[in-house]
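Going by UniProt numbering, 145 is the number at position 145 of the sequence shown; the sequence numbering is gapless. Heads up, the beta-carbon is just placed ideally off N, CA and C, and yes, glycines get one too. First comes the structure, then the notes that go with it.
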Amino acid sequence: MAKLEESKKNKILMHFEDEVELADSSKSFTLLNPLKNDNETLYKIDCKLDHYYKNKEVISALIGTSYSVSVTEYCGFLNEWLNKEKIDYIFSGSKCESNIKLWEEYIEELWKQLENDIEESYLCKRNTTIYKCSISPVLKTALSVGFTLRGTFLITFYFLYK
1 MAKLEESKKN
11 KILMHFEDEV
21 ELADSSKSFT
31 LLNPLKNDNE
41 TLYKIDCKLD
51 HYYKNKEVIS
61 ALIGTSYSVS
71 VTEYCGFLNE
81 WLNKEKIDYI
91 FSGSKCESNI
101 KLWEEYIEEL
111 WKQLENDIEE
121 SYLCKRNTTI
131 YKCSISPVLK
141 TALSVGFTLR
151 GTFLITFYFL
161 YK
């Protein structure tokens, strides 16, 4: 049974990777269209999110009749896929802080908009993960203390044995 569930999950996550184009008539078009030329990666993620959030029943047809997907499962898979995309997007390149801001502005806002628009069909809550770009203060302190002690030791060693 666990193998069957894993296979279902893999099939669904694989379909989330399919390329999708946003329809001009979509409510999300006005939010997402400016991204098309400015940030193609974010635009593609937004299009997929818009499509797959709205079309849960399409996945059931794509993965076959031998699998049934509950709303809770589907929502979990959609969140898992989006969190993976978030990690990949945020840590790509050297503009981590800027990428987080853009992600919040476009992806998380789209999710909220979809939640409000599709509310009557089914409710899928966002289970996001928080990522920070900078080194933690504890690590910074440990590194600075370590380098200070090492420098002090080397200078002392140099003067004692010169």
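- Query: Which of the three DSSP states, helix, strand or coil, is assigned to residue 50?
  - Reply: For this step, residue 50 is matched to residue 50 along the sequence shown. Three-state result, residue 50: helix.
- How is residue 26 classed by DSSP in three states: helix, strand or coil? Position 26 of the sequence shown, counting from 1, holds the residue named residue 26. In this structure, residue 26 counts as coil in the three-state DSSP scheme.
- Please state whether DSSP places residue 63 in a helix, a strand or coil. On the sequence shown, position 63 is the one that residue 63 refers to. Correct three-state label for residue 63: helix.
- Query: When the distance is taken between beta carbons, is residue 100 closer than 8 Å to residue 53?
  - Reply: If you number the sequence shown from 1, residue 53 lands on position 53. If you number the sequence shown from 1, residue 100 lands on position 100. Result no, Cβ atoms of residue 53 and residue 100 do not sit closer than 8 Å.
- Query: Can you give the Cα-Cα distance for residue 152 and residue 77, rounded to whole angstroms?
  - Reply: As a first step, residue 152 is located in the sequence shown; it is residue number 152 there, counting from the start. As a first step, residue 77 is located in the sequence shown; it is residue number 77 there, counting from the start. Each residue's alpha carbon lies about 53 Å from the other.
- Task: Excluding the 5 residues preceding and the 5 following residue 195 in the sequence, name in chain order all residues of the same chain whose CB lies nearer than 7 Å to its CB.
- Result: Outside the displayed range of the chain (1 to 162) lies residue 195, so it cannot be described from this structure.
- Query: When you compare each of 67, 43 and 34 to residue 7 by their alpha carbons, which one comes out closest?
  - Reply: Reading the sequence shown from its first residue, position 7 is the one you call residue 7. Of the listed residues, the one whose Cα sits closest to residue 7 is 67.
- Query: Is residue 16 buried or exposed, if buried means 16 or more other CB atoms sit within 10 Å of its CB?
  - Reply: Here residue 16 refers to the residue found at position 16 when the sequence shown is read from its first residue. Buried, since its Cβ has 16 or more Cβ neighbours within 10 Å.
- Query: Just checking my contact of residue 107 with residue 45 at CB under 8 Å: how many whole Å lie between their CB atoms?
  - Reply: Position 107 of the sequence shown, counted from the first residue, corresponds to residue 107. Position 45 of the sequence shown, counted from the first residue, corresponds to residue 45. Contact flag correct, Cβ pair sits at about 6 Å.
- Task: Would you mind sorting residue 97 into buried or exposed? The rule is 16 or more other CB atoms within 10 Å of its CB.
- Result: By 1-based counting over the sequence shown, the position of residue 97 is 97. Exposed, since its Cβ has fewer than 16 Cβ neighbours within 10 Å.
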